[in-house]
Amino acid sequence: MSNTYKSAGVDKEEGYKTVDKIKKAVGETHNSNVLNHLGSFGAFYEIGGYKNPVLVSGTDGVGTKLKVALDSKKYDSIGVDCFAMCANDILCHGAKPLFFLDYLACGKLDSEIAAEIVLGMVEACKDNNCALIGGETAEMPGMYKPGDYDVAGFCVGIVEKDQIIDGSKIKPGDKIIALPSSGFHSNGFSLVRKVFPDFNEEFEGKPLYETLLVPTRLYYKDIHKVIEEVKVAGIAHITGGGLYENIPRIIGDGLCASIDASKIQIPSIMVELEKRGGVAHEEMFGTFNMGVGMIVVVDAEHAEKVLHLLDDAYEIGEITEGSEKIDLKF
2 MSNTYKSAGV DKEEGYKTVD KIKKAVGETH NSNVLNHLGS FGAFYEIGGY
52 KNPVLVSGTD GVGTKLKVAL DSKKYDSIGV DCFAMCANDI LCHGAKPLFF
102 LDYLACGKLD SEIAAEIVLG MVEACKDNNC ALIGGETAEM PGMYKPGDYD
152 VAGFCVGIVE KDQIIDGSKI KPGDKIIALP SSGFHSNGFS LVRKVFPDFN
202 EEFEGKPLYE TLLVPTRLYY KDIHKVIEEV KVAGIAHITG GGLYENIPRI
252 IGDGLCASID ASKIQIPSIM VELEKRGGVA HEEMFGTFNM GVGMIVVVDA
302 EHAEKVLHLL DDAYEIGEIT EGSEKIDLKF
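So in our numbering the end of the sequence shown lands on 331, straight run, no missing numbers.
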């Protein structure tokens with residue numbers, strides 16, 4: 002019998018099935034700016050309505066949270082995570098997401114699993130008025146084991162040049178407002194899996210994996226609701242490295258984000274991880290978001306308006322003079 006691509010481990014027909022399963026749903030994310038459809042070598046997106054547009058891009062994956070999803074055979078939230086990790090980053094500069102592309106790699110393609118992951122991206126794109134205009138599925142036997150998947154994405158957004166938010170206008174006295182996370186989001190799961198090796202154990206009346214797989218919160222509507230009403234000086238997406246690493250990215254020299262950690266609303270699952278794993282408090286705050294998914298920095302006179310616009314937001318600190326860039330008081 003002669004060798005074929007299928008005998009080498011790559012089943013093209015399964016790839017065609019995946020496209021068939023997602024094509025209609027993906028098309029529902031398209032608008033009049035999308036000039037072609039799935040199947041072309043490149044994706045076309047027309048830009049209009051801007052005076053001096055700047056494109057803002059971001060790329061990311063979901064890390065070892067995938068292991069929790071694969072072991073628990075729950076795939077619907079992973080696509081949301083992938084989109085959110087990319088789109089939330091570009092929000093930090095005031096951009097609106099335009100389009101998204103995904104990359105899915107695996108050892109042996111299962112069209113049902115692949116479609117479930119991509120359909121999660123579709124729902125996230127719809128929530129953010131963003132078009133899913135392309136992607137790539139790679140079946141790579143020998144690189145990945147059967148049942149293994151990796152997921153990554155790429156998001157492009159747009160903002161007027163004179164409306165870019167980059168932290169340069171942050172000044173002493175500005176208030177730091179926290180937007181809650183929906184849990185671990187997609188960071189720190191190597192430590193999560195070490196402390197919680199059994200994803201099926203019961204936590205607060207349900208299997209632990211249900212809590213671990215809550216998808217990353219999408220902040221598009223919240224952030225742009227604020228931007229339309231208030232001059233925002235800075236925005237930070239709290240991902241890997243927690244508050245310690247992400248807030249200093251928007252703080253200029255000579256300034257410090259002075260934060261009262263006692264005000265932060267820490268999710269119960271993170272409290273349990275800290276206790277069970279014997280993880281130091283500082284390590285927790287340097288690894289996880291600890292319940293803060295995004296922060297916005299605004300002039301003190303606008304703080305109350307922001308809190309009114311966002312039902313679940315709350316103040317956690319202010320900008321002071323200093324050389325450390327962040328001072329987290331426990």
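Ideal Cβ positions, reconstructed from N, Cα and C, are used throughout, including at glycine.
Any contact of the region 93–108 with the region 151–159, i.e. 3+ C-beta pairs under 8 angstroms?
Yes: the two stretches touch, three or more of their Cβ pairs being nearer than 8 angstroms.
If the criterion is Cβ atoms closer than 8 angstroms, does the pair cysteine 107 and threonine 30 meet it?
The residue you call residue 107 lines up with position 106 of the sequence shown. The residue you call residue 30 lines up with position 29 of the sequence shown. No, the pair does not count as a contact, with Cβ atoms beyond the cut-off.
Could you say which of Gly174, Asp90 and Ile23 lies nearest to glycine 135 if we only look at CA atoms?
The residue given as residue 135 occupies position 134 in the sequence shown. Closest option to glycine 135, Cα to Cα, is Ile23.
Would you kindly work out how many angstroms separate the C-alpha atoms of methionine 271 and phenylalanine 331, rounded to a whole number?
For the purposes of this step, residue 271 is taken as the residue at position 270 of the sequence shown. For the purposes of this step, residue 331 is taken as the residue at position 330 of the sequence shown. Rounded to the nearest angstrom, the two C-alpha atoms are 16 angstroms apart.
Since isoleucine 270 is in the alpha helix (DSSP H), which residue starts that stretch and which ends it?
Here residue 270 corresponds to residue number 269 of the sequence shown, with the count starting at 1. Start and end: 269–278.
Here's a check: name, in chain order, each residue in its chain whose Cβ is nearer than 6 angstroms to the Cβ of tyrosine 76, leaving out the five neighbours to either side.
Translated into positions along the sequence shown, residue 76 becomes position 75. Result list for tyrosine 76: Ala70, Ile114, Glu117 and Ile118, in chain order.
Under 8 angstroms, do glycine 318 and glycine 287 count as touching if we go by C-beta distance?
Residue numbering aside, residue 318 sits at position 317 when the sequence shown is read from its first letter. Residue numbering aside, residue 287 sits at position 286 when the sequence shown is read from its first letter. Cβ distance not < 8 angstroms, so glycine 318 and glycine 287 don't count as in contact.
Among residues of its own chain, excluding the 5 on either side of cysteine 257, which ones have a beta-carbon nearer than 8 angstroms to its beta-carbon?
Residue 257 sits at position 256 when you count from the first residue of the sequence shown. Taken in chain order, the residues that qualify are Ile320, Thr321, Glu322, Gly323, Ser324, Glu325, Lys326, Ile327 and Asp328.
According to DSSP, simplified to helix, strand and coil, what is valine 152?
Position 151 of the sequence shown, counting from 1, holds the residue named residue 152. Strand, per DSSP.
With distances taken from CA atoms, which of Lys66, Lys109 and Ser169 is nearest proline 147?
Locating residue 147 in the sequence shown gives position 146, counting from the first residue. The option with the nearest alpha carbon to proline 147 is Lys109.
Find the nearest neighbour of serine 187 within the set Glu302, Met291 and Gly16, judged by alpha-carbon distance.
Translated into positions along the sequence shown, residue 187 becomes position 186. Closest option to serine 187, Cα to Cα, is Met291.
CA-CA distance, lysine 68 and aspartate 90?
Along the sequence shown, one-based indexing puts residue 68 at 67. Along the sequence shown, one-based indexing puts residue 90 at 89. One C-alpha to the other measures close to 23 angstroms.
If you reduce the DSSP assignment to three classes, tell me which class arginine 212 lands in.
Here residue 212 refers to the residue found at position 211 of the sequence shown. Note that residue 212 is threonine in the sequence shown, not arginine. Threonine 212 falls in the helix class under three-state DSSP.
Please state whether DSSP places phenylalanine 101 in a helix, a strand or coil.
Start at 1 with the first residue of the sequence shown, and residue 101 comes out as number 100. It is a strand residue.
Give the straight-line distance between the Cα atoms of aspartate 103 and alanine 301, rounded to the nearest whole angstrom.
As a position in the sequence shown, residue 103 is number 102, starting the count at 1. As a position in the sequence shown, residue 301 is number 300, starting the count at 1. If you take the alpha carbons of aspartate 103 and alanine 301, they lie about 40 angstroms apart.
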